[in-house]
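Letter by letter, the sequence shown follows residues 1 to 235 of the UniProt record's numbering. All C-beta atoms in this analysis are idealised placements derived from N, C-alpha and C, irrespective of residue type, glycine included. Remarks on the structure that follows.
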Amino acid sequence: MSRVLIIPDLHEPSTRPGALQFCKAIKKEHKCDTIIFIGDVTDWHSISFHAHHPEMPGPKDEFKLASKCLKRWHRAFPKARICLGNHDRRIVRLAESVNIPKQFIRGYGETWKTPGWTWGHEFIIDGVLYSHGEGAGTSMYPAYNKMKKMGMSCVLGHFHAAGGIKWLVNPLRRMFGMDVGSLINDKSMAFAYGKFATIRSVLSAAVVIDGIPQHIIMCCGKGEKYHDSKFRSRK
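Below you can see the structure in the form of structure tokens.
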């Protein structure tokens, strides 16, 4: 069976400074042989259907920044599967909104120059479903709710404040729903809308080793291993 590393929502170029080193350390420690990005690897704040923050870069500059960031992730994880998130698809949705057919839209791998990355809606590995998560419904346990509907173990991102594992065991089988939080930088202007929110993102990643999940918190508080002060600016 596979040893899967799950990298949660990144929203590049608005990712936590120590996120890459955190994920590389998990891969090494758990000897992961399969990499899943759970979606929203890019943010595309500049073309959002919601209000834009005036201090954020425009589409051209955001593309350059995100490309530079994804290059680092691609270098660290040259073979990976990417679950397409709602933010990743923003450019396609915008094109469709003005009647541009798919024949005129480049693929994600070509756009971001990521040979070796397979982009898709969702993936099933060893009977576990990996999907970004929109459409799962809002609750404290989105992955668990999807697991009950699908009848199989599920791993989801999308819900930044949801993190952890919830099990369902019956006489016939054992299933889990695991929410993997995110690795976003809440201080970025891209997330200014949540500046005064009481509940914040669960900064974490996860592994599924031989079918058994582990949810791993990113220790990034003051004085901890992955605190922002220990990493150079990514700009």
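Discussion item. For L94, which residues in the same chain have their Cβ closer than 7 Å to its Cβ, ignoring the five residues on either side in sequence?
Written reply: Against the sequence shown, residue 94 aligns to sequence position 94. Once the five neighbours on either side are set aside, the close Cβ partners of L94 are I47.
Discussion item. What would DSSP say about K79, mapped onto helix, strand or coil?
Written reply: For this step, residue 79 is matched to residue 79 along the sequence shown. Note: K79 maps to coil in three-state DSSP.
Fill in: Status (buried if at least 16 other CB within 10 Å, exposed otherwise) for A197
For the purposes of this step, residue 197 is taken as the residue at position 197 of the sequence shown. By the neighbour-count rule (16 or more Cβ atoms within 10 Å), A197 is not buried but exposed.
Practice prompt. Measure the C-alpha to C-alpha separation of H30 and R3 and round it to an integer number of angstroms.
Written response: Here residue 30 is taken as the residue at index 30 of the sequence shown, counted from 1. Here residue 3 is taken as the residue at index 3 of the sequence shown, counted from 1. When rounded, the distance between both Cα atoms is 8 Å.
Worksheet entry | N- and C-terminal bounds of the beta strand (DSSP E) containing H215 | Residue numbering aside, residue 215 sits at position 215 when the sequence shown is read from its first letter. Where H215 is concerned, the enclosing beta strand (DSSP E) stretches over I212 to I217.
Worksheet entry | N170 to G151 span [Cα, whole Å] | Counting from 1 along the sequence shown, the entry for residue 170 is found at position 170. Counting from 1 along the sequence shown, the entry for residue 151 is found at position 151. For N170 and G151, the distance between alpha carbons rounds to 12 Å.
Item to complete: Quick one: give me the first and last residue of the beta strand (DSSP E) that Y130 is part of.
Response: Sequence index remark: in the sequence shown, residue 130 carries index 130 (1-based). Counting along the chain, the beta strand (DSSP E) containing Y130 begins and ends at V128 to S131.
Discussion item. DSSP three-state label for W73, please.
Written reply: Here residue 73 corresponds to residue number 73 of the sequence shown, with the count starting at 1. Helix at W73.
Discussion item. Considering Cα atoms alone, identify which of A161, W119, G116 and D179 is closest to L147.
Written reply: As a position in the sequence shown, residue 147 is number 147, starting the count at 1. First, the residue type needs correcting, since residue 147 is Met and not Leu in the sequence shown. Minimum Cα distance to M147 is reached at D179.
Fill in: 8 Å CB neighbourhood of K24 in its chain, flanking five on each side removed
If you number the sequence shown from 1, residue 24 lands on position 24. The residues are A76.
Worksheet item: If we ignore side chains and look at the alpha-carbon of each, how far apart do A113 and L172 end up?
Response: Within the sequence shown, numbered from 1, the residue matching residue 113 stands at position 113. Within the sequence shown, numbered from 1, the residue matching residue 172 stands at position 172. A quick correction: the sequence has Lys, not Ala, at residue 113. Each residue's Cα considered, the two are about 45 Å apart.
Worksheet item: What residues are listed by DSSP as bridge partners for A206?
Response: As a working note, residue 206 is residue 206 in the sequence shown. DSSP output for A206 lists I6 and H215 as bridge partner(s).
Fill in: Those residues which DSSP pairs with M140 across a bridge
Counted from its first residue, the sequence shown places residue 140 at position 140. Its beta-bridge partners do not exist; DSSP assigns none.
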